[in-house]
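Written below as structure tokens is the structure these notes are about.
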Amino acid sequence: MKFKKSQERLIAIAPISFSVFVIFFLSWLTVNNTTTSWLNSDVIIHSMISTTNVTQFYWGQERLLNILPALFSIVSDPGTNLYLILITAAISHFLLLLIITSISVSAVGGNYKSWYASLIFVITSAAFLFTFADYAIFEMAVYHFEWPLAIDLSALAVFLYLSRLRFWIRIPLVVLIAGLAVGLNFSIAVILAALIIFLTLVKKLSWKDFLIWVSVGAIVMTYWVVVSGDLRSKNFKNFAWENFNTLIGTSIGRIFSAFDPLKSTIFITLIFAIVLILLVTRTPQIENSIHSLTALPFQMIAMGIAFCSAWILVFAQNDWVVINSNHFRYFAPIFYFFILVFTLFISLIVVPLGLGIVTTMATVTAGLILAFVTGWLGQTLDLKQANVVKQAHELAPEYSKYVAGDFWLAWPYSFGQLLDHKPSVSLALRSEQNRASTSEQLRADLAKDGSIQITCLGESTDACIQQVQWHLGLDTPPEVSDRSVDNLIVIKAP
Numbered sequence: 030m031k032f033k034k035s036q037e038r039l040i041a042i043a044p045i046s047f048s049v050f051v052i053f054f055l056s057w058l059t060v061n062n063t064t065t066s067w068l069n070s071d072v073i074i075h076s077m078i079s080t081t082n083v084t085q086f087y088w089g090q091e092r093l094l095n096i097l098p099a100l101f102s103i104v105s106d107p108g109t110n111l112y113l114i115l116i117t118a119a120i121s122h123f124l125l126l127l128i129i130t131s132i133s134v135s136a137v138g139g140n141y142k143s144w145y146a147s148l149i150f151v152i153t154s155a156a157f158l159f160t161f162a163d164y165a166i167f168e169m170a171v172y173h174f175e176w177p178l179a180i181d182l183s184a185l186a187v188f189l190y191l192s193r194l195r196f197w198i199r200i201p202l203v204v205l206i207a208g209l210a211v212g213l214n215f216s217i218a219v220i221l222a223a224l225i226i227f228l229t230l231v232k233k234l235s236w237k238d239f240l241i242w243v244s245v246g247a248i249v250m251t252y253w254v255v256v257s258g259d260l261r262s263k264n265f266k267n268f269a270w271e272n273f274n275t276l277i278g279t280s281i282g283r284i285f286s287a288f289d290p291l292k293s294t295i296f297i298t299l300i301f302a303i304v305l306i307l308l309v310t311r312t313p314q315i316e317n318s319i320h321s322l323t324a325l326p327f328q329m330i331a332m333g334i335a336f337c338s339a340w341i342l343v344f345a346q347n348d349w350v351v352i353n354s355n356h357f358r359y360f361a362p363i364f365y366f367f368i369l370v371f372t373l374f375i376s377l378i379v380v381p382l383g384l385g386i387v388t389t390m391a392t393v394t395a396g397l398i399l400a401f402v403t404g405w406l407g408q409t410l411d412l413k414q415a416n417v418v419k420q421a422h423e424l425a426p427e428y429s430k431y432v433a434g435d436f437w438l439a440w441p442y443s444f445g446q447l448l449d450h451k452p453s454v455s456l457a458l459r460s461e462q463n464r465a466s467t468s469e470q471l472r473a474d475l476a477k478d479g480s481i482q483i484t485c486l487g488e489s490t491d492a493c494i495q496q497v498q499w500h501l502g503l504d505t506p507p508e509v510s511d512r513s514v515d516n517l518i519v520i521k522a523p
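So this is what it looks like as structure tokens:
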């Protein structure tokens, strides 16, 4: 009897275990393949924060809560530290795809813990890797983890609220987790609010629950408004409504730029072919599935369309988004809605067909995608070989402990030196919040040696000297030695 129960438990957790394996495998595959080409200073600096000075927010800003840098701050090796951050970011992305898939399977009447959900998750992940451009895969799955990780945390907060935990345990946990999600990405407050409104309208939450969530939201937003100056910044509150049509068109163009044109065309053609076959064959299983559908999937799509339309209309005009060229990352919820619609469609098709056919479809899909990414499997990640690290080293092959200049070059240079176990300090943009430590090191080395050598990358000598002056807190620029040549500056002790 005990053996039978153990066997049943193993069978029950098998789909979940499989999904966990797929998440880790795809995360490893994605990080190893995309990082070398697309790593940049914005990503590198997470590790620099983690290994030197973990502040509440991303350096130079009062937003983007440093959750991952704080989590891995116990790992002092910069290469290992960054790799752990990258892998965790990718895990949060593929976990979100699994959450979306599970919701879709449940919405069409399936069991979110079943093999159906796991296998449809494989199909969805394969579709993501196939249709998105390589740089967009890195940006969505690794670079901008403030979206998937924050949405994962929001989903966890809602799940905990709906759990059977005692109220006095649930609410503090919900406030904490929702607070972390919003702190990581302030825009998540809008998504979380829309989710709570939707769950209330479809009667998954009562009006009493809704009022409790309003209170949770008030607590969370009050805290972050007080703590973060960015939430009070004009760039975040101002909108360029006078360029409405132009900015809408630009934003839609940016959204579509994330997709690989050829592969997306093949994918859409395949979807249309499947729909056409289904309309012609109209199998009894699918007929029954359609007739047994509740209103929930249609309500989800209708709410999603309304939400995405409002998101594009508003965010396309925001000054901060406009300053950043209406980059597609600001429209990440639109992509997740596309994925939701896709998983609903696939779930509606495959759940009625039986597990055998679903397994075959998932296997064939995964096989086809792996055939396209065959080169991925043999790749290992060497951060020293990342394009941006090599570029910085080629511009300044001679070692200097200190580097100043352009943000996009100085940090990769510093990171590359640290990978070679050489001390390195960046004075470039974003180093302001590490000023106390940087100033102390500069003064100590000047007092000891009488001068210091600084590598200046991507900026004029005067600009690099100004960065040194600022870190030293001097009223006038420091004296420069005659020995300064090319991109090397020798600063004399004041």
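The sequence shown begins at 30 in my numbering and counts up one residue at a time.
A virtual CB, placed ideally from N, CA and C, is assigned to each residue, including glycine.
Rounded separation between V49 and V519 - CA only: Locating residue 49 in the sequence shown gives position 20, counting from the first residue. Locating residue 519 in the sequence shown gives position 490, counting from the first residue. Going by the C-alpha atoms only, they are around 53 Å apart.
Segment limits, alpha helix (DSSP H) that includes A361: By 1-based counting over the sequence shown, the position of residue 361 is 332. Where A361 is concerned, the enclosing alpha helix (DSSP H) starts and stops at 361-379.
Cα-Cα separation, L230 to D238: By 1-based counting over the sequence shown, the position of residue 230 is 201. By 1-based counting over the sequence shown, the position of residue 238 is 209. Rounded to whole angstroms, L230 to D238 spans 12 Å at the Cα level.
Distance between V137 and T323 (C-alpha atoms, nearest Å): Sequence index remark: in the sequence shown, residue 323 carries index 294 (1-based). Sequence index remark: in the sequence shown, residue 137 carries index 108 (1-based). The straight-line gap from Cα to Cα measures roughly 7 Å.
Straight-line gap, I352 to F268 (C-alpha atoms, nearest Å): As a working mapping, residue 352 is identified with position 323 in the sequence shown. As a working mapping, residue 268 is identified with position 239 in the sequence shown. In a straight line, the C-alpha of I352 is about 11 Å away from that of F268.
Segment contact, 8 Å Cβ cut-off, at least three pairs: the region 119-127 with the region 167-186: The region 119-127 vs the region 167-186: in contact.
Simplified DSSP state of F32, which is helix, strand or coil: Locating residue 32 in the sequence shown gives position 3, where the first residue counts as 1. Residue placement at F32 is poorly supported in this model, since its pLDDT is 49, which falls under 50; the coordinates are not used for a value here.
Outcome for T294 when other beta-carbon atoms lying within 10 angstroms are tallied against a minimum of 16: Position 265 of the sequence shown, counted from the first residue, corresponds to residue 294. Exposed, by the Cβ-count rule.
For D289, the nearest candidate out of F157, V204, N516 (CA to CA): Within the sequence shown, numbered from 1, the residue matching residue 289 stands at position 260. Selected option, being the one with the closest Cα: F157.
DSSP state of A536 mapped onto helix, strand, coil: Only positions 30 to 523 of the chain appear in the structure, and residue 536 is not among them; the question remains open.
Through-space distance from I220 to L447, alpha-carbon basis: Reading the sequence shown from its first residue, position 418 is the one you call residue 447. Reading the sequence shown from its first residue, position 191 is the one you call residue 220. Going from the Cα of L447 to the Cα of I220 covers about 39 Å.
Within 8 Å, strictly: CB atoms of S79 and S102: Numbered from 1 along the sequence shown, position 50 holds the residue referred to as residue 79. Numbered from 1 along the sequence shown, position 73 holds the residue referred to as residue 102. Yes, they are a contact pair.
Nonlocal neighbours in the same chain, by C-beta distance under 7 Å from I217, ignoring five residues either side: The sequence position of residue 217 within the sequence shown is 188, counting from 1. So the qualifying residues of the chain are A179, I180, S183, A210, V211.
Spatial distance of T505 from G333 (CA atoms): In the sequence shown, residue 505 corresponds to position 476, counting from 1. In the sequence shown, residue 333 corresponds to position 304, counting from 1. Between T505 and G333, the C-alpha separation is close to 57 Å.
Beta-carbon proximity of S455 to V418, cut-off 8 Å: Numbered from 1 along the sequence shown, position 426 holds the residue referred to as residue 455. Numbered from 1 along the sequence shown, position 389 holds the residue referred to as residue 418. Result no, Cβ atoms of S455 and V418 do not sit closer than 8 Å.
Sheet register partners of K232 (DSSP bridge): Position 203 of the sequence shown, counting from 1, holds the residue named residue 232. Bridge partners of K232: none, in fact.
For S192, the first and last residue of its enclosing alpha helix (DSSP H): Taking the first residue of the sequence shown as 1, we reach residue 192 at position 163. No alpha helix (DSSP H) holds S192; DSSP gives it neither H nor E.
In DSSP terms, what Q496 is bridged to: In the sequence shown, the residue the question calls residue 496 occupies position 467. None, per the DSSP bridge assignment.
Strand pairing of A156, partner residues [DSSP]: If you number the sequence shown from 1, residue 156 lands on position 127. Beta-bridge pairing links A156 to no other residue.
Rounded Cβ spacing between L412 and V60 (contact assumed at less than 8 Å): As a first step, residue 412 must be located in the sequence shown, where it is residue number 383. As a first step, residue 60 must be located in the sequence shown, where it is residue number 31. Going by Cβ atoms, the distance from L412 to V60 rounds to 11 Å, so no, they are not a contact pair.
CA-to-CA distance, P523 to Q495, given in whole angstroms: The residue you call residue 495 lines up with position 466 of the sequence shown. The residue you call residue 523 lines up with position 494 of the sequence shown. About 14 Å.
Three CB pairs or more closer than 8 Å across the region 345-359 and the region 280-288: yes
Length of the line joining the Cα atoms of F150 and A439: Numbered from its first residue, the sequence shown carries residue 150 at position 121. Numbered from its first residue, the sequence shown carries residue 439 at position 410. Counting only the Cα atoms, A439 lies some 40 Å from F150.
Beta-carbon proximity check, T65 vs I166, cutoff 8 Å: Residue numbering aside, residue 65 sits at position 36 when the sequence shown is read from its first letter. Residue numbering aside, residue 166 sits at position 137 when the sequence shown is read from its first letter. The answer is no: Cβ separation not under 8 Å.
Assigned exposure category for N274 - 16 Cβ within 10 Å defines buried: Working through the sequence shown from its first residue, we reach residue 274 at position 245. Exposed: under 16 other Cβ atoms inside 10 Å.
Three-state secondary structure assigned by DSSP to Q414: As a first step, residue 414 is located in the sequence shown; it is residue number 385 there, counting from the start. In this structure, Q414 counts as helix in the three-state DSSP scheme.
Short Cβ contact (8 Å threshold) for G434 with A492: Sequence index remark: in the sequence shown, residue 434 carries index 405 (1-based). Sequence index remark: in the sequence shown, residue 492 carries index 463 (1-based). Against a cut-off of 8 Å, the Cβ pair of A492 and G434 comes out as a contact.
In DSSP terms, what K521 is bridged to: Within the sequence shown, the letter at position 492 stands for residue 521. K521 is bridged to S480.
Inter-residue spacing [alpha-carbon to alpha-carbon] between S235 and Q420: Start at 1 with the first residue of the sequence shown, and residue 235 comes out as number 206. Start at 1 with the first residue of the sequence shown, and residue 420 comes out as number 391. S235 and Q420: Cα-Cα distance of roughly 57 Å.
Per DSSP, cross-strand counterpart(s) of V249: Within the sequence shown, numbered from 1, the residue matching residue 249 stands at position 220. DSSP lists no partner for V249.
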